[in-house]
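Chemist: Residues in the sequence shown are numbered consecutively from 7, following the working numbering. All residues carry an ideal CB built from backbone N, CA and C; glycine is no exception. Here the structure is a predicted model, which means the values were calculated and not measured.
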Amino acid sequence: MERRFILFLVLALAIPMGHATLMHWWNPPVEQPGVAARDGNEEDGIGEDGDRIQEPGVQEPGAEPEPGQQDEPPVEEPTAEPAEPADVPGDVVPEIGPAEQPGDEQPILRQWPTLGSADPTDPYRMVVTLDSQGASVVRIELNSPRSRDLEDRSGYLGHLVIDEAEAEKLSSGSGCLVQVVPPGTPADKVGLLAGDLIVAVGKEQVTGVKTFRRALGRTKPKQQVELTVSRDGRTSILPVTLTRRPLEVIRPEPGANDPSSFLLTLQQIDGKLIARDDQGDDEEEDRVAVGKEIEGLDLWTGNWEVLDPDKDPNQVAFRRLLPETGLEITKTYRLEPIPAEKMADADYPAYHLVFDVRIRNTGDKPHQVAYQLDGANGLPTEGAWYANKIGREWGGVGLRDVVVSFDGATPSLIGCPAIAKNDVPAPWQDDQPLTYIGSDGQYFSVVLIPQKKDPADIWFGRSQTLRVGAVDDDRRNLTNTSCRVVSQVHELARDETIDHRYEIFVGPKKPDLLVHYDLGELVYYGWFGKVAVPIAWLLHVFYSIVGNYGVAILMLTVAVRGAMFPLSRKQALGAQKMQMLQPEIKKIQEKYKKDVEGRTKAQQELFRKHNYNPLSGCLVMFVQLPIFIALYRSLMVDIELRQAPLISESIRWCSNLAGPDMLFDWTGFMPEWITDGVGIFGLGPYFNILPIVTVVLFLLQQKMFMPPPADEQAAMQQKIMKYMMLFMGLLFFKVASGLCMYFIASSLWGLAERQFLPKMAPVSSAPKTRADVKSAAAADRRDSSTGRNGSGGKRQKKSRGKR
Numbered sequence: 007m008e009r010r011f012i013l014f015l016v017l018a019l020a021i022p023m024g025h026a027t028l029m030h031w032w033n034p035p036v037e038q039p040g041v042a043a044r045d046g047n048e049e050d051g052i053g054e055d056g057d058r059i060q061e062p063g064v065q066e067p068g069a070e071p072e073p074g075q076q077d078e079p080p081v082e083e084p085t086a087e088p089a090e091p092a093d094v095p096g097d098v099v100p101e102i103g104p105a106e107q108p109g110d111e112q113p114i115l116r117q118w119p120t121l122g123s124a125d126p127t128d129p130y131r132m133v134v135t136l137d138s139q140g141a142s143v144v145r146i147e148l149n150s151p152r153s154r155d156l157e158d159r160s161g162y163l164g165h166l167v168i169d170e171a172e173a174e175k176l177s178s179g180s181g182c183l184v185q186v187v188p189p190g191t192p193a194d195k196v197g198l199l200a201g202d203l204i205v206a207v208g209k210e211q212v213t214g215v216k217t218f219r220r221a222l223g224r225t226k227p228k229q230q231v232e233l234t235v236s237r238d239g240r241t242s243i244l245p246v247t248l249t250r251r252p253l254e255v256i257r258p259e260p261g262a263n264d265p266s267s268f269l270l271t272l273q274q275i276d277g278k279l280i281a282r283d284d285q286g287d288d289e290e291e292d293r294v295a296v297g298k299e300i301e302g303l304d305l306w307t308g309n310w311e312v313l314d315p316d317k318d319p320n321q322v323a324f325r326r327l328l329p330e331t332g333l334e335i336t337k338t339y340r341l342e343p344i345p346a347e348k349m350a351d352a353d354y355p356a357y358h359l360v361f362d363v364r365i366r367n368t369g370d371k372p373h374q375v376a377y378q379l380d381g382a383n384g385l386p387t388e389g390a391w392y393a394n395k396i397g398r399e400w401g402g403v404g405l406r407d408v409v410v411s412f413d414g415a416t417p418s419l420i421g422c423p424a425i426a427k428n429d430v431p432a433p434w435q436d437d438q439p440l441t442y443i444g445s446d447g448q449y450f451s452v453v454l455i456p457q458k459k460d461p462a463d464i465w466f467g468r469s470q471t472l473r474v475g476a477v478d479d480d481r482r483n484l485t486n487t488s489c490r491v492v493s494q495v496h497e498l499a500r501d502e503t504i505d506h507r508y509e510i511f512v513g514p515k516k517p518d519l520l521v522h523y524d525l526g527e528l529v530y531y532g533w534f535g536k537v538a539v540p541i542a543w544l545l546h547v548f549y550s551i552v553g554n555y556g557v558a559i560l561m562l563t564v565a566v567r568g569a570m571f572p573l574s575r576k577q578a579l580g581a582q583k584m585q586m587l588q589p590e591i592k593k594i595q596e597k598y599k600k601d602v603e604g605r606t607k608a609q610q611e612l613f614r615k616h617n618y619n620p621l622s623g624c625l626v627m628f629v630q631l632p633i634f635i636a637l638y639r640s641l642m643v644d645i646e647l648r649q650a651p652l653i654s655e656s657i658r659w660c661s662n663l664a665g666p667d668m669l670f671d672w673t674g675f676m677p678e679w680i681t682d683g684v685g686i687f688g689l690g691p692y693f694n695i696l697p698i699v700t701v702v703l704f705l706l707q708q709k710m711f712m713p714p715p716a717d718e719q720a721a722m723q724q725k726i727m728k729y730m731m732l733f734m735g736l737l738f739f740k741v742a743s744g745l746c747m748y749f750i751a752s753s754l755w756g757l758a759e760r761q762f763l764p765k766m767a768p769v770s771s772a773p774k775t776r777a778d779v780k781s782a783a784a785a786d787r788r789d790s791s792t793g794r795n796g797s798g799g800k801r802q803k804k805s806r807g808k809r
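(1) Does the distance from the C-beta atom of I335 to that of I300 stay below 8 Å?
(2) Does DSSP put K175 in a helix, a strand or coil?
(3) Of all the options K597, Q117 and N383, which has the alpha carbon lying nearest to the alpha carbon of L166?
(4) With a 10 Å radius around its C-beta and 16 neighbouring C-beta atoms as the bar for buried, classify V133 as buried or exposed.
(5) To the nearest angstrom, report how far apart A323 and G223 are at their CA atoms.
(6) Looking at C-alpha atoms only, which residue of R152, K709 and L203 is the closest neighbour of R251?
(7) Whose CA, out of K459, V741, V702 and K593, lies closest to the CA of N662?
(8) Please report the straight-line C-alpha distance between D682 and L484, rounded to a whole angstrom.
(9) Can you tell me whether C489 is helix, strand or coil according to DSSP?
(10) Just to confirm my understanding: we take F548, look at its own chain, exclude 5 residues before and 5 after, and list those with CB closer than 7 Å. What are they?
(11) Can you tell me which of E210, M731, G513 and Y692 puts its alpha carbon nearest to the alpha carbon of L703?
(12) Applying the criterion that 16 or more other CB atoms from any shown protein chain within 10 Å of the CB defines a buried residue, is A751 buried or exposed?
(13) Straight-line CA distance for F466 to A650?
(14) When the Cα of G580 is compared with those of N619, P329 and V537, which residue comes out closest?
(15) Can the beta-carbon of S445 be found less than 8 Å from the beta-carbon of L385?
(16) Please state whether DSSP places M710 in a helix, a strand or coil.
(17) Out of R473, Y729 and V235, point me to the one whose CA is closest to R406's CA.
(18) Given a cut-off of 8 Å on the beta-carbon distance, is the pair S242 and V205 in contact?
(19) Just checking, does the stretch 337-345 make contact with the stretch 489-504 on the three C-beta pairs under 8 Å criterion?
(20) Could you say if the stretch 367-376 and the stretch 140-147 meet the contact criterion of at least three C-beta pairs nearer than 8 Å?
(21) Please report the residue range of the beta strand (DSSP E) in which A558 lies.
(22) Please work out which residues of its chain come closer than 6 Å, Cβ to Cβ, to L757, disregarding the five sequence neighbours upstream and downstream, and give them in chain order.
(23) What number of angstroms, rounded off, separates the C-alpha of P192 from the C-alpha of K228?
(24) Which runs of the alpha helix (DSSP H), 4 residues or longer, sit entirely within the stretch 593-648?
(25) Who are S236's beta bridge partners in DSSP?
(26) When burial is assigned at 16 or more other CB atoms within 10 Å of the CB, is N694 buried or exposed?
(27) Grab the span of the alpha helix (DSSP H) containing G665 for me, first residue to last.
(28) Among L270, P417 and G685, which has the Cα closest to the Cα of R482?
(29) If you pair each beta-carbon of the stretch 401-421 with each one of the stretch 507-516, do three or more pairs fall below 8 Å?
(30) Assign D463 to one of two classes, buried (16 or more other C-beta atoms within 10 Å of its C-beta) or exposed (fewer than that).
(31) Can you tell me whether DSSP reads K337 as helix, strand or coil?
(32) Answer yes or no: do E174 and V215 have a C-beta to C-beta separation smaller than 8 Å?
(33) In terms of residues, what are the limits of the alpha helix (DSSP H) holding G535?
(34) Judging by CA-CA distance, which residue of E596, P632, L454 and Q582 is the nearest neighbour of H616?
(35) Go ahead and pull the three-state DSSP assignment for A578.
(36) What are the start and end residues of each continuous alpha helix (DSSP H) run of 4 or more residues lying completely inside the stretch 414-460, in chain order?
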C-alpha cells in the first residue's frame, strides 16, 4: 500500500514536469513580431534598460492600435552630417518630422519638463518627468528611502533618455545623448546637462542608449564611476556616486510602445465625436481598448506648447490651439512643496499632483464640447512571481487593477486578469457622481480624484476600465491597465471655459496617509481584517522598540505563544496521555476486531476515565489559524513590511520580509518553466532556504509529538501526512520570509516547550481515587520487582482460567 502511494506521488509529479520540459524543448518560444529583442546581460536576466527581463505578451487579434503605435510616415535620412549634441538646447530635442518649407509655422519642439526632486532632503516626495508630446506624464519616482526598487539592484544615475529613437538618431553612434536630467538625481548633482553626450562609463565605451544602459546595469549602489562626457566639443570626466534605484510608480512599459499617462483628447466637438467604445463592431473588445481620436486632432501624439517654463518651478502648463474651431486646451500640473516644519512628517499629504484641465472657446461660434481623459498606466509589477493581492469581490485580482468609487461608497476593484479577458462591466454611466477612479497596485496606487465644490455634482457622462498594450495569457495578473472618464457635453460660447481640477494621488497605501485623501478603503485585509489590523499594530509597536521588523516578528511569536501557553500545554499533555493510552487502545482493538460499535464505546469509556478529549489538540490549531492568516495578510497589505530587511538592505538574502528570502539566483542552471514563477511548479528565479527549514521543522514536530499508530490504517494516515507535508513545501516555497520566520520561531518554541513538560508512563488501568492511585503504584512496584507487566499477568491468568 505504501509503495503504491509513493509511486502515485512520483508519477503525479513526474508526468507534468516531463511534459512541460518536452514541450519546451519541442516548441521553443518564438519572439513575437513587434516586440523588441532582448539585449544586454541576458544571462543575468538584465535587459537593455537595466531591469529584469519579463516576457511581453501578444496583442490580441482585433484590438485597436494604441496611441504611439499608429503607422507613421517614413522619415528620410538626412544627407548632411548630423548636428552635434551641443547644438541641442537644454532639455529640448527637435521633433523628428518632414523638413520645414518656406512659410511654414515653426514646429513645436519636444520637451521633457520635470517637477520635484529625487533627493529626499528636498521639500518633495517625488520627481515627475513630463512630456510635451501629449502633455502627458512619462515617469513618477518616489524619493523616500522606504520606496526603493526591490528587483533592480544596479546603480542609479537617473533616467536620462525618454525617446530612444531620437537619442540614437542625434547621437549618431558616438555616445548616448542626455535628453533630461531630473533634479536630485546623481547625474544632476555632478552637473550633467541635457544635450550632453556620454561617451564612456568607467572604462566601458558607450555607442548608444543600449550600451549605456548595459554599462549601468553592471554597477552597484554606492559605487563611484567616472562618466566621460562630451559638451561643446570638449571632453570631461565627471566622477559620480550611484545610489539605490527609486521605485517608479509610473513608468514606460519595458519593451513596449504603450501610451503615456493622463492623455487628454476631445470626445466631442459639435457633430464630430469618437465612436462609443461600447458600440463598436466588437463590443467586448472595444470596451477595454485604448481607442482613437477624432480625425485631425492629434492631441495624444502631437507636441503641446510649454507655457512659461521658468515662471514657477513647481508648475508646468501645456497649451494646444485648435485653429479650425478656435478652442484652446490647457493642461497644468502642479506639485506643492512641503513646508520646512513638516519635512519630518512622513504622512504629510504631499503625495499628489494638482492637475487642471481648461478648455476655452476663443472663437466667435459656440461649440458643444466634451473631453476624454485617460488615467495612469505602467504601475510597478514587483514580485510578479510570488506576489498576491486581496480583493473585495470574488475572482482574480492582479498587480494592476482598477479601483472606482461612486458617491463616496465602498470602492469596487476590477482585477486586471478580468480586464485582460474583457470580462469587465459595461462603462459606468452618469447616474451617480464619481468620487475617484484610478489604478491600484499591491502597495502603491495612482488615483484621479475630482475636486468638485459639491460632491453631488456629476462631471462625467461615462467612465470605464482600459487595457493598455499586449496581454500575456500566462501572466494576466500583470496586464497593463488604466481607466478613462468622459465629461458631460458643455455648450461653450465665446470666452466661456470648462475648468476641472483633480488631485492625482501617487503614493504608498499607508492608512495614516490615505486618510488625508479620503482613500482609506484602498487598504483591505480581507475577511480576517479584524485580526490582521491588531497584528499589524502590534508589529509596529515591537518595531518602534527594536527598530527591526525581523526581530519584531520574533517578538510577536513569543507574545502569541506565551499567551497560548495554557492551551498548548494542555494540548501537549493530551498528546502524552494519548501515547500513555496506546497499550489500552490496542487491547480494545484486539478485543473488538469485528465489533465497531463496541470498540467505539470502549474507547470512549477509556477516554472518560482518563479525562481525555481527542479534539483538545485541535484547539490550539484553530486559535493559531486566524493569527497565521492575519500575519500573512499583514505581509501582503502593510506597506511598512515591504522592503523591511532581516539584517540589512545591502544583503540580498531576506532584504524584503514581505517576499521570499531569495538566498541565491538559480536561473543559470534551472529550466525556465521552474524559474518563470508561473504555476505550482514555477518556483521562481531564486532558491529560498527558509521554506525548507520550515517544512523540516514541521516534519520533526510530527515525528516527535504524534502518538504511535494503533493500527495499520493509522500508520498509513501518518505516512500520507508526511508526504503531504512535502507537497506543502512546494506551496510554501514562494511564501513571504517574514511568515516563514514566524513558523520557524513557533516550531522551535513548541519543541522547547515539550522538553520541559513532565513525562507520563503508560498505565494499564484507569484509577480514579487516591486509594486507587496508591494501589496501582504499589502494584507497579511489585511488577517491576518480579519483572512482569501487571496487565499482561492478569490477562495470562484469565486465559488459563478459561482453558
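Modeler: So, to answer that:
(1) On the sequence shown, position 329 is the one that residue 335 refers to. On the sequence shown, position 294 is the one that residue 300 refers to. No, Cβ-Cβ distance for I335 and I300 is not below 8 Å.
(2) Along the sequence shown, read from residue 1 onward, the residue named residue 175 stands at position 169. Looking at K175 - three-state DSSP - the assignment turns out to be helix.
(3) In the sequence shown, the residue the question calls residue 166 occupies position 160. With distances taken between Cα atoms, L166 lies closest to Q117.
(4) On the sequence shown, position 127 is the one that residue 133 refers to. Classification of V133: buried, given that the 10 Å Cβ count is 16 or more.
(5) Locating residue 323 in the sequence shown gives position 317, where the first residue counts as 1. Locating residue 223 in the sequence shown gives position 217, where the first residue counts as 1. Rounded to the nearest angstrom, the two C-alpha atoms are 35 Å apart.
(6) In the sequence shown, counting from the first residue as 1, residue 251 sits at position 245. Comparing Cα positions, the closest option is R152.
(7) Against the sequence shown, residue 662 aligns to sequence position 656. Per the Cα distances, V741.
(8) Working through the sequence shown from its first residue, we reach residue 682 at position 676. Working through the sequence shown from its first residue, we reach residue 484 at position 478. Taking the straight line joining both Cα atoms gives about 13 Å.
(9) Residue numbering aside, residue 489 sits at position 483 when the sequence shown is read from its first letter. Reduced to three states, the DSSP call for C489 is strand.
(10) Taking the first residue of the sequence shown as 1, we reach residue 548 at position 542. Contacts found: A558, M561 and L562.
(11) Numbered from its first residue, the sequence shown carries residue 703 at position 697. When only C-alpha atoms are compared, the closest one is M731.
(12) Residue 751 sits at position 745 when you count from the first residue of the sequence shown. It counts as buried.
(13) Locating residue 466 in the sequence shown gives position 460, counting from the first residue. Locating residue 650 in the sequence shown gives position 644, counting from the first residue. If I take the Cα positions, the gap works out to 41 Å.
(14) Stepping through the sequence shown from its first residue, residue 580 is reached at position 574. The option with the nearest alpha carbon to G580 is N619.
(15) Position 439 of the sequence shown holds residue 445. Position 379 of the sequence shown holds residue 385. In contact: S445 and L385 (Cβ atoms closer than 8 Å).
(16) For the purposes of this step, residue 710 is identified with residue 704 of the sequence shown, where counting begins at 1. The answer is helix: DSSP assigns M710 an H, G or I state.
(17) Within the sequence shown, numbered from 1, the residue matching residue 406 stands at position 400. Residue R473 is the option with its Cα nearest to R406.
(18) Taking the first residue of the sequence shown as 1, we reach residue 242 at position 236. Taking the first residue of the sequence shown as 1, we reach residue 205 at position 199. It is not a contact, given that the beta carbons lie outside the stated cut-off.
(19) no
(20) no
(21) Against the sequence shown, residue 558 aligns to sequence position 552. Looking at the DSSP string, A558 is not in any beta strand (DSSP E); the run it does join, the alpha helix (DSSP H), is Y555 to A569.
(22) If you number the sequence shown from 1, residue 757 lands on position 751. Nothing listed; no residue qualifies.
(23) Reading the sequence shown from its first residue, position 186 is the one you call residue 192. Reading the sequence shown from its first residue, position 222 is the one you call residue 228. Distance between the alpha carbons of P192 and K228: 11 Å.
(24) 602-615 and 622-643
(25) Taking the first residue of the sequence shown as position 1, residue 236 is located at position 230. L203 and T241, per the DSSP bridge assignment.
(26) For this step, residue 694 is matched to residue 688 along the sequence shown. N694 should be labelled buried.
(27) Along the sequence shown, one-based indexing puts residue 665 at 659. It is not in any alpha helix (DSSP H) - G665 carries neither H nor E in the DSSP assignment.
(28) Along the sequence shown, read from residue 1 onward, the residue named residue 482 stands at position 476. It is G685 whose Cα lies nearest to the Cα of R482.
(29) no
(30) By 1-based counting over the sequence shown, the position of residue 463 is 457. By the neighbour-count rule (16 or more Cβ atoms within 10 Å), D463 is not buried but exposed.
(31) Start at 1 with the first residue of the sequence shown, and residue 337 comes out as number 331. Note: K337 maps to strand in three-state DSSP.
(32) Taking the sequence shown and counting its residues from 1, one reaches residue 174 at position 168. Taking the sequence shown and counting its residues from 1, one reaches residue 215 at position 209. In contact: E174 and V215 (Cβ atoms closer than 8 Å).
(33) Here residue 535 is taken as the residue at index 529 of the sequence shown, counted from 1. Its alpha helix (DSSP H) spans residues G535 to V552.
(34) The sequence position of residue 616 within the sequence shown is 610, counting from 1. With distances taken between Cα atoms, H616 lies closest to Q582.
(35) Residue 578 sits at position 572 when you count from the first residue of the sequence shown. In the structure shown, A578 sits in a helix (DSSP, three-state: H, G or I).
(36) 422-426
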